[in-house]
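Data block below; observations after.
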Amino acid sequence: MNDIVLGIETSCDDTAVALVDSNGNILSSVVASQLEVHAEFGGIYPEFAARAHVTAILPSIHEAMKKAGIRPQDIRAIGVTRGPGLIGSLLVGINTASGLGAAWNKPVIGVNHLRGHLRSVDLEKQRVGYPAIVLLVSGGHTFLASMKSTTDIEILGSTADDSVGETYDKVGRMLGLGYPGGPVVDRMARNGNASIPFPRPVINKGLDFSFSGLKSAVSRYLETNREAIPEDVAASFVRAVMEVLMKKSQLALREYPSRSFVIVGGVAASPQLREEAARLCEQQNVELCLPPLRWSTDNAAMIAMATFDYLNLSIYKPPVAELQLSMNDF
Ligand code: KG4
Ligand code: ZN
C-alpha cells in the first residue's frame, strides 16, 4: 500500500487535506472552512487566512490520516500547493509539508494549484478522453487550454484582467449579497429577465477574455438606475458571462478538434454554465466532462492527484512558494 499521496492545499481560504491513490480514489478528505472568518469582510482577509491555516493544518492532517486508517509509512509522497495563491497561506502548507516530509522521510513536491484544478476532473474515476479542450474558471484564473494528455497542456487564451469567479464575487457585492458571490448571483439570476444589454467584452477577439468592462458596466447600471430589479441585473450579467464563455469555447473546439470538453474551477459549479456547456457539447459532438461538484472548488484531493503527474514524469518541483508562477509552468 504505497501508492498513496497526502495532498495539502492552503493557497486561499480553506485548509484542505486529502489522501488519494494513483487511480484518483479519495481515501479521505478534510476541509477546515474559513467562510465564517472572512464573512464580515465581503472577501478574503489574507492575514486572518494565514492565521486560520496555522490553527487548522495539523489537526486536519491528523484527522485525514485517521479517517483513512493510513500511517506515515503508507504514503509515497506529500504534494503541497506551491502557488499561485496568498503568500502567507501558501507558506503554512509548504512549511508543514516540508517538516512532515523530513520527519517521515518522504518526498515533498510543490504543485501548481492550476494543474490541480485541471486534474480534478479525473478524481473518483477517469472521465476525460484526450485530446480535450479545458475551460478553467476559478476565483483567481480564467483560461482555455488544450490538453493532448494528462500532462501535455497548452494555454490557448486567458483573461487580460478579472477572472470569471472574481467578477461574480464583485457583482455579488454590488448587489449586496454575501461572499462568495457565485452561487448567490446564480440563484438570483434564475428569477430574473436577462433584459439589460450588458457588454460581452472581446467576444469576437480570439480566445482571450476580459471581464473588467462587464463588471464596470454592471456597477454603472446600478448607480444610474436606482430602481433596478436585482434579479434582472443578475440574470443579464450571467447571460453576458455565459455567452462569452460559450463563444470562446466553441471557437477552441472548432480550432482544436477534441474528444472532450472539460470545465474545472469554482465556477464549474454553476448550474447555468453546466446547462450551456451541455448544449454546446451536443452541438459540437464532444463529451462534456465535469468534476463532481465538491471537487470543482478548491480542495486537496486535486493537489494529490496532480502530484502523481510529477511522480510519473520524475519531475521534482520543490515545495517552495512561487510568487511569479508562470501560467505555463505546470
Ligand atoms: O476554484 P475556486 O474554489 O478558488 C480559486 O482557485 O479561486 O473558485 C472560487 C470561485 C469564487 O469566485 C466563487 O464565486 C465561484 O468560484 N463559484 C461560483 C459558483 N460556486 C463558486 N461561480 C458561479 N456559480 C457558482 N455556482
Ligand atoms: Zn482554485
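Numbered according to our numbering, the sequence shown spans residues 742 to 1071. Just so it is clear, CB atoms sit at the ideal spot from N, CA and C, and this is done for glycine as well. Remember, predicted model here, so these are calculated numbers, not experimental data.
Could you give the DSSP three-state label for residue i: helix, strand or coil?
{"i": "A1045", "result": "helix"}
{"i": "G923", "result": "helix"}
{"i": "C1030", "result": "strand"}
{"i": "L1066", "result": "coil"}
{"i": "V1061", "result": "coil"}
{"i": "A1010", "result": "helix"}
{"i": "T756", "result": "strand"}
{"i": "T900", "result": "strand"}
{"i": "L994", "result": "helix"}
{"i": "R1000", "result": "coil"}
{"i": "E968", "result": "coil"}
{"i": "M777", "result": "Inspection of the sequence shows that residue 777 is occupied by Glu rather than by Met. E777 falls in the helix class under three-state DSSP."}
{"i": "G829", "result": "helix"}
{"i": "L948", "result": "coil"}
{"i": "I1113", "result": "Outside the shown range of the chain (742 to 1071) lies residue 1113, about which nothing can therefore be said."}
{"i": "D910", "result": "helix"}
{"i": "E804", "result": "helix"}
Residue i: buried (16+ other C-beta within 10 angstroms of its C-beta) or exposed?
{"i": "D755", "result": "buried"}
{"i": "Q775", "result": "buried"}
{"i": "N1053", "result": "exposed"}
{"i": "R995", "result": "exposed"}
{"i": "K911", "result": "buried"}
{"i": "A844", "result": "exposed"}
{"i": "G947", "result": "exposed"}
{"i": "I930", "result": "It is worth fixing the name first, because residue 930 is Ala in this sequence and not Ile. Buried, by the Cβ-count rule."}
{"i": "P800", "result": "exposed"}
{"i": "A901", "result": "exposed"}
{"i": "A797", "result": "buried"}
{"i": "N966", "result": "exposed"}
{"i": "K989", "result": "buried"}
{"i": "N934", "result": "exposed"}
{"i": "G880", "result": "buried"}
Ordered along the chain, which non-local residues of its own chain (more than five positions away) have a Cβ less than 6 Å from that of residue i?
{"i": "H794", "result": "T751, T756, S830, V833"}
{"i": "A838", "result": "I749, I819, V821, V849, P1060"}
{"i": "S951", "result": "A901, D902, P942, V943"}
{"i": "F1071", "result": "N853, R856, I894"}
{"i": "E1063", "result": "R823, G824"}
When you compare the CB positions of residue i and residue j, do they come within less than 8 Å of one another, or not?
{"i": "V852", "j": "R823", "result": "yes"}
{"i": "V771", "j": "E804", "result": "yes"}
{"i": "A1047", "j": "R856", "result": "yes"}
{"i": "A1042", "j": "G748", "result": "yes"}
{"i": "N932", "j": "E972", "result": "yes"}
{"i": "S685", "j": "F1049", "result": "Nothing can be reported for residue 685: it is not among the residues displayed for the chain, which extend from 742 to 1071."}
{"i": "I1004", "j": "A1018", "result": "yes"}
{"i": "S1006", "j": "L877", "result": "The question names Ser, yet the displayed sequence has Gly at residue 1006. Their beta carbons are under 8 Å apart, which means G1006 touches L877 by this criterion."}
{"i": "V862", "j": "L1029", "result": "no"}
In its own chain, which residues sit with a C-beta less than 8 Å from the C-beta of residue i, not counting the 5 before and 5 after it?
{"i": "V926", "result": "Y909, V912, G913, L916, L918, A975, F978, V979"}
{"i": "A1010", "result": "G923, P924, L1034, S1037, T1038"}
{"i": "I816", "result": "N743, I745, V746, L747, L760, W845, K847"}
{"i": "I767", "result": "A759, L760, V761, L864, E865, A1042"}
{"i": "W998", "result": "Residue identity differs from the one stated: residue 998 is Pro in this sequence, not Trp. Contacts found: P872."}
For a cutoff of 8 Å on Cβ pairs, would you count residue i as touching chain D?
{"i": "L1014", "result": "The chain inventory of the structure shown lacks chain D, comprising one protein chain alone."}
Excluding the 5 residues preceding and the 5 following residue i in the sequence, name in chain order all residues of the same chain whose CB lies nearer than 7 Å to its CB.
{"i": "T892", "result": "D1050, L1054"}
{"i": "P936", "result": "It should be pointed out that residue 936 corresponds to Ser in this sequence rather than to Pro. The residues are D973, S977."}
* Are the region 1054 to 1068 and the region 1020 to 1033 touching by the rule of at least three beta carbon pairs closer than 8 Å? -> no
* Do the region 951 to 962 and the region 988 to 1005 meet, that is, are 3 or more Cβ pairs less than 8 Å apart? -> no
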